[in-house]
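A.B. asks: In the working numbering, the protein residues as written are 15 to 143. All C-beta atoms in this analysis are idealised placements derived from N, C-alpha and C, irrespective of residue type, glycine included. Everything numeric in this text was worked out from a predicted model, so none of it was measured.
1) Could you tell me how far apart the beta carbons of residue 59 and residue 19 are, in whole angstroms, since I believe they sit closer than 8 Å?
2) Tell me whether the segment 72-84 and the segment 121-141 touch, counting them as touching only if at least three CB pairs, one residue from each stretch, are closer than 8 Å.
3) Per DSSP, residue 74 is paired with what?
4) Tell me where the beta strand (DSSP E) around residue 84 begins and ends.
5) Going by DSSP, what residues sit across from residue 95 in a beta bridge?
6) Hey, quick one: how far does the beta strand (DSSP E) through residue 45 stretch, first residue to last?
7) Taking only the alpha-carbon atoms, compute the straight-line gap between residue 55 and residue 27 and give it to the nearest angstrom.
This is the structure we're talking about:
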């Protein structure tokens, strides 16, 4: 997935807090790796290090187009969910980028169902290291 670094907010102990432009939306994210350059585009992988519980911070939606937006401290993502109940394996497909997530509370398999997730942080990893 291609993102543009809009601004570098601060340096943490292992990452940088940055504003990335993603799907024409500005999102605050944690940048893992070397310091990125402002106004440069990067090919990245996204990681959401949060536990999701069905009906709490992940729900079905009638929206059928992937999106990501930030409102205050929360990031909302609409994506397609694939979940294998037997393996307890879940992933979301957001604009052909697959992101693995931890999901509890869903009691059946799901394939390609649109969902809306709410999280607090997204980690961004540069794939061109």
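C.D. replies: Considering the structure as presented:
1) The residue given as residue 59 occupies position 45 in the chain shown. The residue given as residue 19 occupies position 5 in the chain shown. Residue 59 to residue 19, Cβ: 15 Å. No contact.
2) yes
3) In the chain shown, counting from the first residue as 1, residue 74 sits at position 60. DSSP, once it has assigned bridges, lists 129 as partnering residue 74.
4) Position 70 of the chain shown, counted from the start, is the residue given in the question as residue 84. That run of the beta strand (DSSP E) goes 81-85.
5) Position 81 of the chain shown, counting from 1, holds the residue named residue 95. Answer by DSSP bridge pairing, in chain order: 106, 127.
6) By 1-based counting over the chain shown, the position of residue 45 is 31. From DSSP, the beta strand (DSSP E) with residue 45 extends over 39-46.
7) Residue mapping note: residue 55 aligns to position 41 of the chain shown, counting from 1. Residue mapping note: residue 27 aligns to position 13 of the chain shown, counting from 1. Their Cα atoms are separated by approximately 24 Å.
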